[in-house]
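Undergrad: Just so we're aligned: the sequence shown equals residues 1 to 107 in the working numbering. We treat Cβ as the ideally placed atom computed from N, Cα and C, and that holds for glycine. Here the structure is a predicted model, which is why all the values come from computation and not from measurement.
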Amino acid sequence: MVRLLAALQLDLYSVTEVYDDLNDLVGEHATNEPGTEAVQRLAAALDHILLRIQAPELAVRCPPDVIHRAQRARECAHSAGARLSVAEARGVALAVLNLLDLVGEQL
1 MVRLLAALQL DLYSVTEVYD DLNDLVGEHA TNEPGTEAVQ RLAAALDHIL LRIQAPELAV
61 RCPPDVIHRA QRARECAHSA GARLSVAEAR GVALAVLNLL DLVGEQL
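1) With a cut-off of 7 Å, does the C-beta of A95 fall near any C-beta of chain B?
2) If you draw a straight line from the alpha carbon of G104 to that of A70, how long is it in whole angstroms?
3) Identify whether I49 lies in helix, strand or coil by the three-state DSSP scheme.
4) Curious, which full-length alpha helix (DSSP H) runs of at least 4 residues does the region 25 to 70 contain?
5) Between the region 93 to 103 and the region 23 to 40, are three or more C-beta pairs nearer than 8 Å?
6) Assuming R52 and E17 make a contact with CB atoms under 8 Å, what is their CB distance in whole Å?
7) If you draw a straight line from the C-alpha of Y13 to the C-alpha of S85, how long is it?
8) With R90 as the anchor, note down where its alpha helix (DSSP H) starts and where it stops.
9) Would you say A89 and P34 are within 7 Å of each other, going by their C-beta atoms?
If you want it as structure tokens, here you go:
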């Protein structure tokens with residue numbers, strides 16, 4: 001229940017941080033050592049987006065394979081916690097980025 005409530009509460013401040021984290025992990029000058037807080041913010045953003053895209057008007061805009069990859073990235077993030085490898089952290093970041101590209105303005 002706590003995870004559900006946290007997933008629903010993504011405010012403007014954290015959205016700015018999420019985009020900064022995306023830039024740090026998969027941007028032009030990506031870092032090789034993602035910070036724990038960045039990974040946690042991206043995992044929370046992924047929870048939020050996956051919860052919100054269940055709404056019919058958003059679900060139709062997301063191909064099933066993109067949703068499936070995002071769900072796998074979320075499972076990986078939650079099973080590994082903050083101990084994600086760089087590749088796993090980038091997988092979470094790419095899942096967030098792909099979903100934001102599809103439905104970001106609707107969230």
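TA: In short:
1) The chain inventory of the structure shown lacks chain B, comprising one protein chain alone.
2) 14 Å
3) helix
4) 36 to 52, 56 to 59
5) yes
6) That belief does not hold up - the Cβ atoms of R52 and E17 are roughly 18 Å apart, past 8 Å.
7) In this predicted model, Y13 has a pLDDT of only 46, less than 50, meaning its place in the structure is not dependable enough to derive any value.
8) 86 to 103
9) yes
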